[in-house]
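Q: Just dropping this structure here.
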Amino acid sequence: MELAINKVLVAPPLHSEDINHARFTVVEYEYGSNIVILCQQDRRRPKKPFVHRIGSPLKLTHCSATEWVDWHLFSLVSQSFSDAVHIRYYRDLWLSQNIPRGKSKIIEHFFKRRENRKKKVEEKRRVVDAFEQIIQRKVAFFNGDIPTRSIKSFAKGLGVTYDFLWDTLCVYYAFGQCEEALIPAYGNCGSNFAMPENTKDAERRFPTGRGRKRKSNNQVKRVSNKNDFKCVEEFTKSNFDGEKYLSIKHLCKLYNAKYAITVIYEDDFGRKIYDYIPEKYLTVSQFKTLLFKACDGRTKFEKIKHGAKEFRNKFKIQTSTVMKHVIGPSHMYEIDATVLDVHLISKYCTEESLPIERPILYSVVDVSTNIFVGFHLSLNGANVEAVCLALFNAMSDKEQFCKQWGYDYQPGDWPCHHVCHTLVIDRGAEYLDAAMSALIKSQIGLASIQITEAYLGRAKGSVEGLFNKLNKSCIHGLPGALIKGRAKAKKDPSNHAVYTIDDLYYILIEEVIAHNNHTILNKKVTQEHLENGIRGIPRELWNWGMDELMDGGKTVDPKTLMSALLPKKKAIVSKTGVELMKEGFNYQTSNKQFEELRQEISIDPKRSGFEIEVMALPSWTQKVWFQMGTTSNDIIDFDLADSNELLKNLHSEEGLAVLEDMAVFASGARYANSVDDSIRVKKQRDIAASNCENLRGLMRPEGKSPAKGKKLNTKVDRFYEAQNNANTVCTAMSDDYNH
Numbered sequence: 077m078e079l080a081i082n083k084v085l086v087a088p089p090l091h092s093e094d095i096n097h098a099r100f101t102v103v104e105y106e107y108g109s110n111i112v113i114l115c116q117q118d119r120r121r122p123k124k125p126f127v128h129r130i131g132s133p134l135k136l137t138h139c140s141a142t143e144w145v146d147w148h149l150f151s152l153v154s155q156s157f158s159d160a161v162h163i164r165y166y167r168d169l170w171l172s173q174n175i176p177r178g179k180s181k182i183i184e185h186f187f188k189r190r191e192n193r194k195k196k197v198e199e200k201r202r203v204v205d206a207f208e209q210i211i212q213r214k215v216a217f218f219n220g221d222i223p224t225r226s227i228k229s230f231a232k233g234l235g236v237t238y239d240f241l242w243d244t245l246c247v248y249y250a251f252g253q254c255e256e257a258l259i260p261a262y263g264n265c266g267s268n269f270a271m272p273e274n275t276k277d278a279e280r281r282f283p284t285g286r287g288r289k290r291k292s293n294n295q296v297k298r299v300s301n302k303n304d305f306k307c308v309e310e311f312t313k314s315n316f317d318g319e320k321y322l323s324i325k326h327l328c329k330l331y332n333a334k335y336a337i338t339v340i341y342e343d344d345f346g347r348k349i350y351d352y353i354p355e356k357y358l359t360v361s362q363f364k365t366l367l368f369k370a371c372d373g374r375t376k377f378e379k380i381k382h383g384a385k386e387f388r389n390k391f392k393i394q395t396s397t398v399m400k401h402v403i404g405p406s407h408m409y410e411i412d413a414t415v416l417d418v419h420l421i422s423k424y425c426t427e428e429s430l431p432i433e434r435p436i437l438y439s440v441v442d443v444s445t446n447i448f449v450g451f452h453l454s455l456n457g458a459n460v461e462a463v464c465l466a467l468f469n470a471m472s473d474k475e476q477f478c479k480q481w482g483y484d485y486q487p488g489d490w491p492c493h494h495v496c497h498t499l500v501i502d503r504g505a506e507y508l509d510a511a512m513s514a515l516i517k518s519q520i521g522l523a524s525i526q527i528t529e530a531y532l533g534r535a536k537g538s539v540e541g542l543f544n545k546l547n548k549s550c551i552h553g554l555p556g557a558l559i560k561g562r563a564k565a566k567k568d569p570s571n572h573a574v575y576t577i578d579d580l581y582y583i584l585i586e587e588v589i590a591h592n593n594h595t596i597l598n599k600k601v602t603q604e605h606l607e608n609g610i611r612g613i614p615r616e617l618w619n620w621g622m623d624e625l626m627d628g629g630k631t632v633d634p635k636t637l638m639s640a641l642l643p644k645k646k647a648i649v650s651k652t653g654v655e656l657m658k659e660g661f662n663y664q665t666s667n668k669q670f671e672e673l674r675q676e677i678s679i680d681p682k683r684s685g686f687e688i689e690v691m692a693l694p695s696w697t698q699k700v701w702f703q704m705g706t707t708s709n710d711i712i713d714f715d716l717a718d719s720n721e722l723l724k725n726l727h728s729e730e731g732l733a734v735l736e737d738m739a740v741f742a743s744g745a746r747y748a749n750s751v752d753d754s755i756r757v758k759k760q761r762d763i764a765a766s767n768c769e770n771l772r773g774l775m776r777p778e779g780k781s782p783a784k785g786k787k788l789n790t791k792v793d794r795f796y797e798a799q800n801n802a803n804t805v806c807t808a809m810s811d812d813y814n815h
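Numbering (the numbering used here), first residue to last: 77 to 815.
Below, the structure is given as structure tokens:
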């Protein structure tokens, strides 16, 4: 074995029931020497370091019996302090998010306990440092040559007890000679407690119970046993999935209702009288302890309760930041959507206020500088079109966009018009795989797309944080804002709405530009920024990073950018132009280049039903675009055909609804007509059958030659026809026709 300081020798099990094997820490060792100083790890009964000859058997004690174990049977492992005691210590005492909530006395006790334990560790550190100042004293302690009175005198000089000094030194050398070894092992308290088998065993072992007495009835709570643990295990397997989101207190109520509450008797009226069974009833603290044990620890219980995804999102410790993977501005954008907490009114209000649905805000944020690079508002819910327009706004010049919504834009106010290298999205339905793949394959320069884990909002921390900032600084202060905790007696916020969607665009543009130009972000500032006099303002960080780190960034013309972002649809080349395969809309163009292509396709019968891919805005039916070449100049626009005049100026959904209604009407009409045709044929057949019955027995012409005397036979029918015509004319000419 290659011995080294702080390595651990692990003994083999002496008996089959051994769970914790004996462990010896290497305290001192010189390479090539045959002497080593060892110290056994035992926090309950600390052992003194001792000198041992390498290769000689080691003495172990088991159940008051001493056994010698061969040196070669020991295994050598590394020292480890990742045990529950130390983790619990740091989690409870040093992590600020674990400060308890509630009464002030509880919080005060928490801080007092933390300070006391901190002082205890510092005191132990002082004792160890003072003891190791004299090397001879340390060597004498290892060899067992230092008298007890000398140690007591030394402890008295330090102001501590002899036992405190002895335990501190033994534990310090046994657990790695570091500060973590001095942490109080309060987690070992009560660890030798064995749970009773059943209620009778608990009463026999603990006749007076355990714990302090209750103030109400001056009794102690009963001791839980293994039967209770089995019941809790059964409860977690049968009922826990449906109620896992409830509190532990409520879960305890459900458990007692199932296992500890029973019907005593039923009266004459059928009313049941309930009472609890003292031998099965568990308090909240008892149930909590058994529940964590049944779930194999508090951590796994929280994972079961919250689910694996929410657990990772809520309890994951941040080990690094996304800035480690970002070169500079425009290297990585994050896009996400949120429903804004404000109600709007229709901009077509004339006689009364018309509240509309809350808009969805799609925001695009640069990770390196936390600057808003673009946004888009959608009243049609989460959709591909909103994603397209938000990305177009982020990667194009903002002057026309700002002027469209009435903002007086000045050059440099919003200098973000660059294509990013990496785009971070989530698993929303609007981020279609086909659209994202096409975006990477396009010529705009987007290199990769990162898809975050579902329900893990912290994976897009930059954009999520700006959503919260925007709500606090702007949205929640607007009339019609939706604020949590609103009194039920007050009017709904939708009744206070006064802004239109145009107004909200103007407000958000002002807020975004103010954020980009005035917010201080000290966490984004590096030493290089300070050396160049760059403050932690998003626009300054952006401009400097673009010049110094990104070589000006990458930009594309709006037409090329929009053609890459627009959703693609399948179409068939038709006689007039193109026809969308799913919607059925027809489009035509006067472009000569496309006309030549259409003629070639129409002449060749093998190319009938020729498919092409066109660009279309999902909510607008008036135009589609087709790229015949590789540049933006080769893009052809198609107008809705005259045959679809009925669908002009309609929203895409309205147009599809019209076509659907027409298709439904046509289908229903065809069905109804077929039924009427069958009824008419049935009536015709019935008349023919009746006439045949009347003609039965009459003399008929024989042979196949035409019937004779048809003119003479028609004479009487003609007379009756003339009579009927005369009656019709006379009736029309009389004064009583309309009466």
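Heads up, the beta-carbon is just placed ideally off N, CA and C, and yes, glycines get one too.
Please report the residue range of the alpha helix (DSSP H) in which T365 lies.
A: Position 289 of the sequence shown, counting from 1, holds the residue named residue 365. First-last of the alpha helix (DSSP H) with T365: V360 to A370.
Q: Using the Cβ count rule (16 or more neighbours within 10 Å means buried), how would you classify I763?
A: Mapped onto the sequence shown, residue 763 falls at position 687. I763 is exposed by the Cβ-count criterion.
Q: Could you check what DSSP says for N608 in three-state terms: helix, strand or coil?
A: Here residue 608 is taken as the residue at index 532 of the sequence shown, counted from 1. It is coil, neither helix nor strand.
Q: Write down the C-beta distance between A413 and A470 rounded to the nearest angstrom, noting that I regard them as a contact closer than 8 Å.
A: Here residue 413 corresponds to residue number 337 of the sequence shown, with the count starting at 1. Here residue 470 corresponds to residue number 394 of the sequence shown, with the count starting at 1. Actually they are not in contact, since the Cβ atoms of A413 and A470 sit about 14 Å apart, beyond 8 Å.
Q: Contact check, Q698 vs L716 under 8 Å by CB: the rounded distance?
A: Position 622 of the sequence shown holds residue 698. Position 640 of the sequence shown holds residue 716. Right, the Cβ-Cβ distance comes to about 5 Å (below 8 Å), so this counts as a contact.
Q: Hey, would you say the C-beta of G404 is under 7 Å away from at least one heavy atom of the ligand NAD?
A: This structure lacks the ligand NAD; in fact it carries no ligand of any kind.
Q: To the nearest angstrom, how far is the alpha carbon of D752 from that of A765?
A: Position 676 of the sequence shown, counted from the start, is the residue given in the question as residue 752. Position 689 of the sequence shown, counted from the start, is the residue given in the question as residue 765. Using only the alpha carbons, I get a separation of about 20 Å.
Q: For the beta strand (DSSP E) that L642 lies in, which residues bound it at each end?
A: Residue 642 sits at position 566 when you count from the first residue of the sequence shown. Note, L642: premise wrong, no beta strand (DSSP E); not H, not E.
Q: Three or more beta-carbon pairs under 8 Å between the stretch 625-632 and the stretch 664-679, yes or no?
A: No, the stretch 625-632 is not in contact with the stretch 664-679.
Q: Mapping DSSP to helix, strand and coil, what is T101?
A: To locate residue 101, count along the sequence shown from 1; it is residue 25. Three-state result, T101: strand.
Q: Taking all protein chains shown into account, decide if S454 is buried (16 or more other Cβ within 10 angstroms of its Cβ) or exposed.
A: As a first step, residue 454 must be located in the sequence shown, where it is residue number 378. Answer is buried; the Cβ neighbour count reaches 16.
Q: What first and last residue would you give for the alpha helix (DSSP H) that runs through S180?
A: In the sequence shown, counting from the first residue as 1, residue 180 sits at position 104. S180 to F207 is the extent of the alpha helix (DSSP H) around S180.
Q: Mind checking who P491 pairs with in its DSSP beta bridge?
A: The residue given as residue 491 occupies position 415 in the sequence shown. P491 pairs with nothing; no bridge assigned.
Q: Between the alpha carbons of H326 and N332, how many angstroms are there, rounded?
A: Within the sequence shown, residue 326 is the residue found at index 250, counting from 1. Within the sequence shown, residue 332 is the residue found at index 256, counting from 1. Cα-Cα distance, rounded: 10 Å.
Q: Is the separation between the beta-carbon of C115 and that of Y249 shorter than 8 Å?
A: In the sequence shown, counting from the first residue as 1, residue 115 sits at position 39. In the sequence shown, counting from the first residue as 1, residue 249 sits at position 173. Closer than 8 Å, so yes.
Q: Count the other C-beta atoms from every protein chain shown that fall within 10 angstroms of the C-beta of D442, then say buried if there are 16 or more, exposed otherwise.
A: Taking the first residue of the sequence shown as 1, we reach residue 442 at position 366. Label assigned to D442: buried.
Q: Consult DSSP for G450 and reduce its assignment to one of helix, strand or coil.
A: As a position in the sequence shown, residue 450 is number 374, starting the count at 1. The answer is strand: DSSP assigns G450 an E or B state.
Q: For A692, which residues does DSSP report across the bridge?
A: The count along the sequence shown starts at 1 and reaches residue 692 at position 616. DSSP, once it has assigned bridges, lists V700 as partnering A692.
Q: Is L79 near V103, with beta carbons less than 8 Å apart?
A: As a working mapping, residue 79 is identified with position 3 in the sequence shown. As a working mapping, residue 103 is identified with position 27 in the sequence shown. No, these two residues do not count as a Cβ contact at 8 Å.
Q: Taking all protein chains shown into account, decide if K635 is buried (16 or more other Cβ within 10 angstroms of its Cβ) or exposed.
A: The residue given as residue 635 occupies position 559 in the sequence shown. Exposed: under 16 other Cβ atoms inside 10 Å.
Q: Please return the same chain residues whose Cβ sits closer than 8 Å to the Cβ of L642, not counting the five positions on each side in sequence.
A: Taking the first residue of the sequence shown as 1, we reach residue 642 at position 566. Only C464, M691, A692, L693 and W701 meet the Cβ criterion.
Q: Report, in whole angstroms, the separation of the C-beta atoms of D304 and L367, which I expect to be a contact under 8 Å.
A: In the sequence shown, counting from the first residue as 1, residue 304 sits at position 228. In the sequence shown, counting from the first residue as 1, residue 367 sits at position 291. Their Cβ separation, rounded to whole angstroms, is 11 Å, which puts D304 and L367 out of contact at 8 Å.
Q: Taking the straight line between their C-alpha atoms, what separation do you get for L515 and H493?
A: Here the question's residue 515 lines up with position 439 in the sequence shown. Here the question's residue 493 lines up with position 417 in the sequence shown. Straight-line Cα distance between these residues: approximately 17 Å.
Q: Name, in chain order, the residues that DSSP records as bridge partners for E410.
A: For this step, residue 410 is matched to residue 334 along the sequence shown. According to DSSP, E410 bridges with V441 and V500.
Q: For T142, does the three-state DSSP call read helix, strand or coil?
A: As a working note, residue 142 is residue 66 in the sequence shown. Three-state DSSP puts T142 in a strand.
Q: For E342, write down the residues that DSSP places opposite it in a beta bridge.
A: In the sequence shown, residue 342 corresponds to position 266, counting from 1. K348.
Q: In the DSSP output, which residue or residues are listed as bridge partners for A557?
A: Position 481 of the sequence shown, counting from 1, holds the residue named residue 557. For A557, which the question treats as bridged, DSSP gives the partners V418.
Q: Give me whichever residues DSSP pairs with C115 in a beta bridge.
A: Looking up residue 115 in the sequence shown gives position 39. DSSP lists T101 as partners of C115.
Q: In terms of DSSP beta bridges, what is Q480 paired with?
A: The count along the sequence shown starts at 1 and reaches residue 480 at position 404. DSSP output for Q480 lists no bridge partner at all.
Q: Considering only residues of the same chain and omitting the five flanking positions on each side of G252, which have a CB-CB separation below 8 Å?
A: In the sequence shown, residue 252 corresponds to position 176, counting from 1. Only N82, T101, Q155 and F157 meet the Cβ criterion.
Q: According to DSSP, simplified to helix, strand and coil, what is H128?
A: Here residue 128 is taken as the residue at index 52 of the sequence shown, counted from 1. Note: H128 maps to strand in three-state DSSP.
Q: Under a Cβ-count criterion, where at least 16 other Cβ atoms within 10 Å of its own Cβ denotes burial, should Q669 be classed as buried or exposed?
A: The residue labelled residue 669 in the question sits at position 593 within the sequence shown. Answer is exposed; the Cβ neighbour count stays below 16.
Q: Measuring alpha carbon to alpha carbon, tell me which residue in L467, A466 and Q486 is nearest E475.
A: Here residue 475 is taken as the residue at index 399 of the sequence shown, counted from 1. Among L467, A466 and Q486, the Cα nearest to that of E475 belongs to Q486.
Q: Distance, Cα to Cα, D17 vs V588?
A: Residue 17 is absent from the structure shown; the chain starts at 77 and stops at 815.
Q: Identify every residue that forms a DSSP beta bridge with S151.
A: As a first step, residue 151 is located in the sequence shown; it is residue number 75 there, counting from the start. S151 pairs with V86.
Q: Nearest to P89 by alpha carbon, out of L542, R120 and S151?
A: The count along the sequence shown starts at 1 and reaches residue 89 at position 13. Ranking L542, R120 and S151 by Cα distance to P89 puts S151 first.
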